[in-house]
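Here's the structure we're looking at; comments come further down.
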Amino acid sequence: MRKPLIAGNWKMNLDGAGATALARAISDASPAYGKVDLLVSPPYVYLKTVGSVLNGGTVLLAAQNMSHEKSGAFTGEISASMLKDCGCTHVILGHSERRHIYKETDADVNKKTLAALAAGIVPIVCVGELLEEREGGKTAEVIRTQFDGSLAGVSAEQLVATVIAYEPVWAIGTGKVATPAQAEEVHADLRKLIAERYNAATADQVRILYGGSVKPDNAAELLGQPNVDGTLIGGASLKADDFLAIAAAG
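Each residue of the sequence shown is one higher than the one before, starting from 0 at the first, in numbering that gives the first Met the number 0.
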């Protein structure tokens, strides 16, 4: 059985006090949510602060991005070793906002994914289609292209240590949400793709999250789909009650 992963992406939100309070509220409540793995992803500058709050507990810590370089003259960049020093176990890579606002390519995501795996950090690799791609019937093609490009050179053993997140770009922050059937269709196709590229045993072990306007009132139906193994939550992760309500649905 794949244990559900409920991941909160705080994006560029909160101040130090707010990040600390949110982390503490989630950490304090976490013992009641043992059926799922809980994860939070604050902005870089709060990783150490949030990490200290979570220290000794079960809530996982993730960064929202990283450089593929180990060190050097790369102004403004953060390396995998720096993330580990802050207590990170996971890193979100290839989020649609990175792909579409900052023009990150599959090749960029691939270099970061390989660097994260080499450093012992679990990459949460995001894939997803635009509205025009879905309406044009290209969802499967786009997802497969992103998967192959972003995960090139990743072994079966490494893929088992990787999380995939499907985030339909048209549903992020828009209030729109893929129906449970739409989400399940893409998740099932991703699992079939993993079986094709690797093997059935690997496909059965990889967790595939859904991200895209997940809220307490739609979480249960989404998480009830057989191939949806958790959620990557944006706005609803900024309130402990909402985040934990989604976790309870898992």
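Ideal placement from N, C-alpha and C gives every residue a C-beta, glycine not left out. Just so we're clear, the structure is a prediction, and the values are computed from it rather than from any experiment.
Residues in its own chain within less than 6 Å of residue 164 by CB, not counting five upstream and five downstream?
-> 123, 125, 208, 210 and 231
Jot down the residue ranges of each uninterrupted alpha helix (DSSP H) in the region 25 to 61, minimum 4 residues, whole runs only, in chain order.
-> 46 to 53
6 Å CB neighbourhood of residue 28 in its chain, flanking five on each side removed | 243
Residue 94 versus residue 50 - alpha carbon distance = 22 Å
Have a look at residue 159 and residue 88 and give me their C-alpha separation to the nearest angstrom.
-> 15 Å
Through-space distance from residue 147 to residue 201, alpha-carbon basis = 15 Å
Residue 196 to residue 168 span [Cα, whole Å] | 25 Å
Count the other C-beta atoms from every protein chain shown that fall within 10 angstroms of the C-beta of residue 236, then say buried if there are 16 or more, exposed otherwise.
-> buried
Where DSSP assigns a beta bridge to residue 206, which residues make up the other side?
-> 162
In the region 162 to 231, which residue ranges form an unbroken beta strand (DSSP E) of at least 3 residues, counting only runs that do not cross its ends?
-> 162 to 165 and 206 to 209
Determine the direct distance from the alpha carbon of residue 52 to that of residue 19, and round the result to whole angstroms.
-> 7 Å
Opening and closing residue of the alpha helix (DSSP H) in which residue 67 lies | Premise fails: residue 67 is in no alpha helix (DSSP H) and is neither H nor E.
DSSP state of residue 7, grouped into three classes?
-> strand
Since residue 61 and residue 40 are thought to touch, with beta carbons under 8 Å apart, how far apart are those beta carbons, to the nearest angstrom?
-> 4 Å
Between the Cα of residue 31 and those of 21, 8, 12 and 56, spot the shortest distance and give me the residue it belongs to.
-> 56
Are there 16 or more other CB atoms within 10 angstroms of the CB of residue 45, so buried, or fewer, so exposed?
-> buried
Backbone CA spacing between residue 174 and residue 217 [nearest angstrom] = 11 Å
Buried/exposed call for residue 258, threshold 16 Cβ in 10 Å | Nothing about residue 258 can be reported from this structure: the residues present for the chain run from 0 to 249 only.
Do you know how far the Cα of residue 145 is from the Cα of residue 264?
-> Nothing about residue 264 can be reported from this structure: the residues present for the chain run from 0 to 249 only.
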